[in-house]
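Chains as they are written, first to last, in the working numbering: chain F, 1 to 264; chain R, 1 to 360.
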């Protein structure tokens, strides 16, 4: 019994160390006053100061943010509308389309990257931020659809009917009734799209053009010359942003779920 | 003359190629409580949805308050529905739920407040205005749904199996309250249910629906006492339906042959010799005897269930083609299992299915 408990706790601790040690080290070294990521010498904010003056890195970061925010906004809108449409309407080939949604999720990123690149080359699109953005929108939509779809159920349609019955037009019903009901799904879909876009390397690598570096690409290319500690600082900042976004989304979701659970 | 508030004129509905409603015509009067009653899948909910506009008719016309609304969107029809699962907006408070329809119709704020307060008071939900539906019990949610419907001040309220999901005791309470509310508001309630008790206790008129057609439209009493078809006789209450033939007619009397060779004397109603009839005996109309009497049906008590107020018997009758009759008696001491008994039915309580009758 005790032995079991010990083993269980040890196992959990090991898993968490494995998951979080690299991240903790990264944060620690962003405050480390040494150029080498090996020995911790002194606490410093030097790398954060240096980061502010590293124009190249900041450019890449702002590109990444612009792409992440824009692609999240666009893919959330398209994904939400698609999910609602796929749920509500009957049309020939609906099952096929429903199944096809999962393909971009399961397909290896490298295949998606190559195919997107060939599409852009064939249609003579100039590679750059625009093409990266398009690609990110493309691979985010299925995630948003899946997430929104999980919040739609037969009760949703009944409640929508109640709204029509009370004199709400279709548009008003969507705005005042459907959207608030599926909002948890929309939020988690958007959060997923945002984080996926923020750290995407493979697809961005294939669809980026000259001068359109994103942060992950920039860091990836720095491996050859050596990663400077200001990257650690930047990574810590990104980590902070991601944690904040996900925490807000999770809190919102648990609150809504709690509200609904109270019915039982 | 009663004022027709909802009229269905030769209405049909097809889903894909299946006809769900076949040429139904129905006049519903202002201020009445009418129930559409039938087994599940008979099309009663579809009729209701065609009135609310949530379902379009395939052919025929729908009139509400004299206006042809066949092609009018549900949004613009002057009726409201109470849905089976209430379909409340879970993320809005009770107040906002009731306010929703008024907000959509852009009713001025002051008037809206007055109407919401009145509606909430009518359904006895004062003090719950700021709760969310998931925080309410089933009965309270039901009340919110009703308040949300009546606050619109339309003349017609459609109720789709609205009491189904409540437990028995609450259901009984709500039945009485609904009926009271309907009288108080003078509204027309169109109620859909598969529960015959509910229909019989609440309705002014009942429309029995089977396979997309109205089998009978009558007062609850007429439907119970004078069913027009065997379906109605069978669906409402317990029934024993036997085949009978007119053996002969003598003046005021006719002789009705049932089972093997039993002849009952009934009042002549333009019968002809050898005419075939469906005869309905309600379980509670039987009188039970230990000795043979005039016009009695001999039988064997196969099963005897004592139920306090009543005793429910199954009596096997007929020699060539034995049939089990359901018999209800109030005196538990009259017989026991495996007794041979003799059943009689007072002449005026023998019902010939489909026969014209005079209003009582």
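Cβ coordinates follow ideal geometry from the N, Cα and C atoms, glycine included.
Query                                                                                                                                                              : Result
Quick check on residue 264 of chain F: does DSSP put it in helix, strand or coil?                                                                                  : With a pLDDT of only 44 at residue 264 of chain F, under 50, the local geometry of the prediction cannot be trusted, and the value read off the model is given with reservation. In this structure, residue 264 of chain F counts as coil in the three-state DSSP scheme.
Whose C-alpha, out of F/87, F/7, F/16, F/61, is nearest the C-alpha of residue 197 of chain F?                                                                     : F/61
Can you tell me whether DSSP reads residue 360 of chain R as helix, strand or coil?                                                                                : Per-residue confidence for residue 360 of chain R stands at a pLDDT of 47, beneath the threshold of 50, marking its modelled position as unreliable; no derived number is given.
Please list the terminal residues of the continuous alpha helix (DSSP H) segment that includes residue 230 of chain R.                                             : 230–235
Give me the Cα-Cα distance between residue 13 of chain R and residue 52 of chain R, rounded to the nearest whole angstrom.                                         : 14 Å
Just grab the DSSP bridge partners of residue 303 of chain R for me.                                                                                               : R/314
Quick check on residue 98 of chain R: does DSSP put it in helix, strand or coil?                                                                                   : helix
Check the Cβ-Cβ distances between residue 279 of chain F and every residue of chain R, and say whether any is below 7 Å.                                           : Look at the range of chain F in this structure, 1 to 264, and you will see that residue 279 of chain F is not part of it.
Measuring CA to CA, which of R/168, R/186, R/209, R/212 is closest to residue 197 of chain R?                                                                      : R/168
How far does the beta strand (DSSP E) with residue 253 of chain R in it reach, from first residue to last?                                                         : 253–258
Which residue marks the beginning of the beta strand (DSSP E) containing residue 287 of chain R, and which one marks its end?                                      : 287–289
Mind checking which residues open and close the beta strand (DSSP E) that includes residue 216 of chain R?                                                         : 213–218
Please name the residue or residues paired with residue 61 of chain R in a DSSP beta bridge.                                                                       : R/9
Taking Cβ-Cβ distances shorter than 7 Å, what residues in chain F pair up with residue 153 of chain R?                                                             : Those within 7 Å of residue 153 of chain R in chain F number zero; the least Cβ separation is about 12 Å.
Determine which residues of the segment 166–199 of chain F have a Cβ less than 8 Å from any Cβ of chain R, and write them out in chain order.                      : 166, 167, 168, 169, 172, 176, 177, 180, 181
Would you grab the beta carbon distance between residue 347 of chain R and residue 283 of chain R for me? Rounded to a whole angstrom, and I think it's under 8 Å. : With 8 Å as the limit, residue 347 of chain R and residue 283 of chain R do not qualify as a contact, their Cβ atoms being about 18 Å apart.
Just by C-beta distance, which residues in the segment 81–100 of chain R are closer than 7 Å to chain F?                                                           : 81, 83, 85, 87, 89, 90, 91, 100
Distance cutoff 7 Å, beta carbons only. Does residue 249 of chain F sit that close to anything in chain R?                                                         : no
List the residues of chain F whose Cβ lies closer than 7 Å to the Cβ of residue 52 of chain R, in chain order.                                                     : 165
Alpha carbon to alpha carbon, how far is residue 88 of chain R from residue 141 of chain R? Give it in angstroms, no decimals.                                     : 8 Å
How many angstroms separate the CA atom of residue 101 of chain R from the CA atom of residue 152 of chain R?                                                      : 7 Å
Is residue 70 of chain F closer than 7 Å to residue 190 of chain F when the C-beta atoms are compared?                                                             : no
CA-CA distance, residue 3 of chain F and residue 10 of chain F?                                                                                                    : 10 Å
Start and end of the alpha helix (DSSP H) containing residue 38 of chain R?                                                                                        : Neither: residue 38 of chain R is in no alpha helix (DSSP H) and is coded neither H nor E.
Tell me whether residue 360 of chain R is buried or exposed, calling it buried when 16 or more other Cβ atoms sit within 10 Å of its Cβ.                           : Model confidence at residue 360 of chain R stands at a pLDDT of 47, short of 50, so the residue's coordinates are unreliable and nothing is read from them.
Taking 6 Å as the limit between beta carbons, can you name the residues of its chain near residue 135 of chain F, skipping five residues before and five after?    : 116, 203, 207
Is there a Cβ from chain F that is less than 7 Å from the Cβ of residue 193 of chain R?                                                                            : no
Starting from the beta carbon of residue 104 of chain R, find every residue of chain F whose beta carbon is closer than 7 Å, and list them in chain order.         : 166, 167, 168, 172
Along the segment 57–76 of chain R, where does the CB come closer than 8 Å to a CB of chain F? Name the residues.                                                  : 73, 74, 75, 76
Ordered along the chain, which non-local residues of its own chain (more than five positions away) have a Cβ less than 7 Å from that of residue 129 of chain R?    : 93, 94, 95, 120
Nearest-angstrom Cα distance between residue 49 of chain R and residue 55 of chain R?                                                                              : 5 Å
Alpha carbon to alpha carbon, what distance is there between residue 318 of chain R and residue 285 of chain R?                                                    : 19 Å
Report the neighbours of residue 222 of chain F on chain R: residues whose CB is nearer than 7 Å to its CB, in chain order.                                        : The premise fails here: residue 222 of chain F is roughly 47 Å from chain R at the closest Cβ pair, so nothing lies under 7 Å.
Going by other Cβ atoms of all chains shown within 10 Å of its Cβ, with 16 needed for buried, is residue 264 of chain F buried or exposed?                         : With a pLDDT of only 44 at residue 264 of chain F, under the threshold of 50, the placement of this residue in the model should not be trusted; the figure read from the coordinates follows. That one is exposed.
Can you tell me whether residue 354 of chain R is helix, strand or coil according to DSSP?                                                                         : coil
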